[in-house]
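Participant:
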Amino acid sequence: MRLAAGICLALHVLPPAAAAQEEALRLPSGLDARLQEMRTDRRMGSGLIYRFRFVAGGLEGGEAAFDRITTDLHWLCAEYALPRIAEIGPRPGRVVISLADRPVEFGIHDPEIVQVFEAFRPEDDTCHWEMF
4 MRLAAGICLA LHVLPPAAAA QEEALRLPSG LDARLQEMRT DRRMGSGLIY RFRFVAGGLE
64 GGEAAFDRIT TDLHWLCAEY ALPRIAEIGP RPGRVVISLA DRPVEFGIHD PEIVQVFEAF
124 RPEDDTCHWE MF
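Mind the numbering: the sequence shown is residues 4 to 135 in the numbering used here, read in order.
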């Protein structure tokens, strides 16, 4: 059983090279995004978390862009992440969608990079926004 679980986990992680080959996604804001990577982890109290990390050149920060970015993040959850979760296997308790203006290593803060993220609870084929 342990071997089967390890194989299953390997299928859940999309390596950066494979992610870079995916076609660009046209976001509601008009930006084109590409998947940088997909990660899974488990947090105490949160259960299984799927993280979909996207890059969109031209992404701008600041309050003026907030509504557009929020719409893009929700769209990425509903239109990209949810269909893939259904194919992967175990249902996560949370989906985190991040969007950056250029690739950045997971967990690294770089003040030169515009990066936003939101957490969603997948339920009834919908992404419900969750406050951190």
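By construction, the Cβ of each residue, glycine as well, lies at the ideal position given by its N, Cα and C atoms.
#1: Rounded to a whole number of angstroms, what is the C-alpha to C-alpha distance between I91 and G65?
#2: Here's the rule I'm using: 16 or more other beta-carbon atoms within 10 Å means buried, otherwise exposed. How should A36 be labelled?
#3: Just tell me which of A68, V58, T129 has its CA closest to the CA of R105.
#4: What whole-angstrom Cβ distance do G61 and L34 have, given they're in contact under 8 Å?
#5: Keeping to the same chain, check which residues put their C-beta closer than 6 Å to that of G48; ignore five residues upstream and five downstream.
#6: Could you check whether E121 and G100 sit closer than 7 Å to each other, using their CB atoms as the reference points?
Facilitator: The structure says:
#1: Mapped onto the sequence shown, residue 91 falls at position 88. Mapped onto the sequence shown, residue 65 falls at position 62. I91 and G65: Cα-Cα distance of roughly 35 Å.
#2: For the purposes of this step, residue 36 is identified with residue 33 of the sequence shown, where counting begins at 1. Buried, by the Cβ-count rule.
#3: The count along the sequence shown starts at 1 and reaches residue 105 at position 102. Of A68, V58, T129, the residue nearest in Cα terms is V58.
#4: Locating residue 61 in the sequence shown gives position 58, where the first residue counts as 1. Locating residue 34 in the sequence shown gives position 31, where the first residue counts as 1. Right, the Cβ-Cβ distance comes to about 6 Å (below 8 Å), so this counts as a contact.
#5: In the sequence shown, residue 48 corresponds to position 45, counting from 1. If we look at G48 and ignore the five residues flanking it on each side, it has no Cβ neighbours.
#6: Sequence index remark: in the sequence shown, residue 100 carries index 97 (1-based). Sequence index remark: in the sequence shown, residue 121 carries index 118 (1-based). Reading off the sequence, residue 100 comes out as Ile, not Gly. Taking 7 Å as the Cβ cut-off, I100 and E121 qualify as a contacting pair.
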